[in-house]
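In our numbering, the protein residues as written are 51 to 232.
Every residue, glycine too, gets a C-beta built ideally from N, C-alpha and C.
See structure below.
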């Protein structure tokens with residue numbers, strides 16, 4: 051099993067390679083629906099788990115939002131609290147410029163807490179699943195955030211990253227090459 055430091059380094063590498071050449075609101079909808087489709091085909095969904103998905107700009111404009119599963123109908127379903135969690139994860143990306151999974155694992159690797167780094171719970175949620183949308187030609191800051199929350203930090207992060215990677219490959223978009231460190 052990889053260490054927290056190894057997982058943080060992997061997440062940082064993903065941030066540096068998964069860059070878009072451009073990103074429009076219609077692409078946000080396509081990407082969001084791709085995340086939804088991939089989750090619905092997963093074993094987690096087959097076991098009755100739910101998911102909330104949100105794609106928004108760093109300015110807070112919602113480009114896509116979706117719930118997969120029933121709100122509050124039983125075990126494993128999403129709830130209104132799921133939306134609070136995803137908003138807190140998005141705030142972590144907006145505050146740090148990094149994926150919530152990178153922040154979570156990076157903090158664990160150095161023995162820090164969110165509070166010691168100025169990102170206190172519950173306003174900020176250092177759980178995996180929120181990933182920055184970077185443009186190849188705009189290395190100063192991300193332009194948006196793709197987030198999914200279903201309760202499993204590593205699985206949520208993997209779902210988002212895998213879908214972004216496949217989206218970029220399918221559409222022949224994005225560099226796929228490592229960008230310099232910010």
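Collapsing the DSSP output to three states places residue 174 in coil. Distances from the CA of residue 111 to each of 118, 84, 141, 128 were compared; the closest alpha carbon is that of 141.
Distance check between residue 185 and each of 175, 102, 218 places 218 closest, using alpha-carbon atoms only. Residue 105 is bridged by DSSP to 114, 196.
Here residue 148 really is in contact with residue 182; their C-beta atoms are around 7 angstroms apart, less than 8 angstroms. Per DSSP, reduced to three states, the secondary structure at residue 70 is strand. Nearest to residue 69 by alpha-carbon distance, out of 204, 205, 188, is 188. Looking at 66, 115, 67, the one whose alpha-carbon comes closest to that of residue 80 is 115. Beta-bridge analysis with DSSP links residue 185 to 70, 188.
The stretch 152-167 makes no contact with the stretch 85-104, as fewer than three CB pairs between them are under 8 angstroms.
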